[in-house]
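Chains L and B, in that order, are what the protein sequence lines are.
Everything in the first sequence is counted per our numbering, starting at 168 for the first residue and increasing by one.
Everything in the second sequence is counted per our numbering, starting at 6 for the first residue and increasing by one.
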Amino acid sequence: MLGVIAAGGVIGALARYGLGVAFPHPRTGFPWATFGVNVSGCLLIGVLIVLVTEGPAAHPLTRPFLGTGVLGGYTTFSTAMVDTQHLWRSGAAGTGLAYLFGTLAAALAAVWLGILAARWWLGLRGRRTA
Amino acid sequence: MTVLLVALGAAVGAPVRYVVDRFIQARHDSLFPWGTLTVNLAGCLVLGALAGSGGLPGWVATLVGIGFCGALTTYSTFGYETVRLVRERAWLIAATNAAVSLAGGLAAAYLGLGLAESLGR
Chain L
168 MLGVIAAGGV IGALARYGLG VAFPHPRTGF PWATFGVNVS GCLLIGVLIV
218 LVTEGPAAHP LTRPFLGTGV LGGYTTFSTA MVDTQHLWRS GAAGTGLAYL
268 FGTLAAALAA VWLGILAARW WLGLRGRRTA
Chain B
6 MTVLLVALGA AVGAPVRYVV DRFIQARHDS LFPWGTLTVN LAGCLVLGAL
56 AGSGGLPGWV ATLVGIGFCG ALTTYSTFGY ETVRLVRERA WLIAATNAAV
106 SLAGGLAAAY LGLGLAESLG R
């Protein structure tokens, strides 16, 4: 179990790192890469949980691997907070606030959207088991 | 090399998150996601300290910051747990989770930064 979670975590973290390298932001700029990673990760976890709990039976390690592992390694709460702290300390208070609350709002909306989308898809397929 | 450091840090961070979460949830069986809050705040403390440790070699920031803290903490689980609480009509707990996570995370980051800077003097 721990090995599966570690493997997933590595995959998620490398994806996050890659996106951070591909989309760097200036010192006082909006941290788009981390924002994108966290919001997309939230969309995906909404989809994943619905598929695993309401869809056709999946392998029992699916959720630990993809959810705890990949998405847990992909998204990051610490970077989001320290990014905010850095913006505030650099004098970009407005950007920091926009980033802090913007991430929260977008992330929660993304989870919700992921749940709705997955349920809609399962409904289309006639595969809802719950 | 950088890729290996990220991978190594994450390979430790993700399982630690899982173990800590299960340990805490087993002892505090409530609706409130104490486990996720704990790992998220701990990660913010460490990353904040890292941010205040300018003298450390770059590989430490990669291994511990991007790898370990990035995998230890999670926005997706936090987001899902908050939304689930709302869907279960536990509005106050959901709002508290969001507020405490954000405020606590920032406080931990500043605490870490302060500790690192005072130790660095």
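Where a beta carbon is used, it is the ideal one built from N, C-alpha and C, also for glycine.
Buried versus exposed, by CB contacts within 10 Å (16 or more), residue i
i, result
"Arg32 of chain B", "exposed"
"Ser106 of chain B", "buried"
"Phe268 of chain L", "exposed"
"Val204 of chain L", "buried"
"Pro231 of chain L", "buried"
"Arg108 of chain L", "This structure cannot speak to residue 108 of chain L, because chain L is shown only from 168 to 297."
"Glu93 of chain B", "exposed"
"Arg22 of chain B", "buried"
"Ser245 of chain L", "buried"
"Arg292 of chain L", "exposed"
"Ala189 of chain L", "exposed"
"Pro193 of chain L", "exposed"
"Asp34 of chain B", "exposed"
"Pro20 of chain B", "buried"
"Thr220 of chain L", "exposed"
"Leu68 of chain B", "buried"
Beta-carbon neighbours of residue i, restricted to chain B and to distances below 8 Å
i, result
"Trp279 of chain L", "Val88"
"Thr262 of chain L", "Result: empty, since nearest Cβ-Cβ is about 15 Å, beyond 8 Å."
"His253 of chain L", "Ala56"
"Val219 of chain L", "What Val219 of chain L touches in chain B: nothing, since even the nearest Cβ is about 12 Å away."
Through-space distance from residue j to residue i, alpha-carbon basis
i, j, result
"Ala225 of chain L", "Trp39 of chain B", "28 Å"
"Cys209 of chain L", "Leu36 of chain B", "20 Å"
"Gly281 of chain L", "Gly59 of chain B", "40 Å"
"Val206 of chain L", "Ala273 of chain L", "6 Å"
"Arg76 of chain B", "Ala247 of chain L", "It should be pointed out that residue 76 of chain B corresponds to Ala in this sequence rather than to Arg. Looking at the two C-alpha atoms, the distance is approximately 13 Å."
"Leu118 of chain B", "Tyr241 of chain L", "24 Å"
"His253 of chain L", "Trp279 of chain L", "29 Å"
"Thr129 of chain B", "Thr201 of chain L", "The structure shown does not extend to residue 129 of chain B, since chain B spans only 6 to 126, so no value can be given for it."
"Leu283 of chain L", "Thr243 of chain L", "23 Å"
Cβ distance (whole Å) where residue i is taken to contact residue j below 8 Å
i, j, result
"Leu90 of chain B", "Asn102 of chain B", "7 Å"
"Gly48 of chain B", "Cys74 of chain B", "4 Å"
"Tyr266 of chain L", "Pro198 of chain L", "6 Å"
"Ala121 of chain B", "Gly72 of chain B", "Between Gly72 of chain B and Ala121 of chain B the Cβ distance is about 18 Å, and since that is not below 8 Å, they are no contact."
"Leu46 of chain B", "Ala113 of chain B", "5 Å"
"Val217 of chain L", "Arg286 of chain L", "6 Å"
"Gly176 of chain L", "Ala16 of chain B", "6 Å"
Cross-chain neighbours of residue i in chain L, by beta carbon under 7 Å
i, result
"Arg22 of chain B", "Gly239"
Contacts that residue i makes with chain B (C-beta to C-beta distance below 7 Å)
i, result
"Ser257 of chain L", "Going along chain B, no residue has its Cβ under 7 Å from Ser257 of chain L, so there is no contact; the nearest lies around 12 Å."
"Val177 of chain L", "Ala12, Ala15, Ala16"
"Ala247 of chain L", "Tyr80"
Chain-ordered neighbours of residue i on chain L, where CB pairs are closer than 8 Å
i, result
"Val65 of chain B", "Here the premise fails: no neighbours, minimum Cβ distance about 15 Å."
Within chain L, partners of residue i - CB distance below 9 Å
i, result
"Phe37 of chain B", "The premise fails here: Phe37 of chain B is roughly 16 Å from chain L at the closest Cβ pair, so nothing lies under 9 Å."
Proximity test, residue i beta-carbon vs the ligand FAD heavy atom, cut-off 6 Å
i, result
"Phe190 of chain L", "With respect to the ligand FAD, the structure offers nothing, as it holds no ligand at all."
Alpha helix (DSSP H) segments (min. 4 residues) lying fully within the stretch 241-273 of chain L: Listed in chain order, the alpha helix (DSSP H) runs fully inside the stretch 241-273 of chain L are 244-256, counting runs of at least 4 residues.
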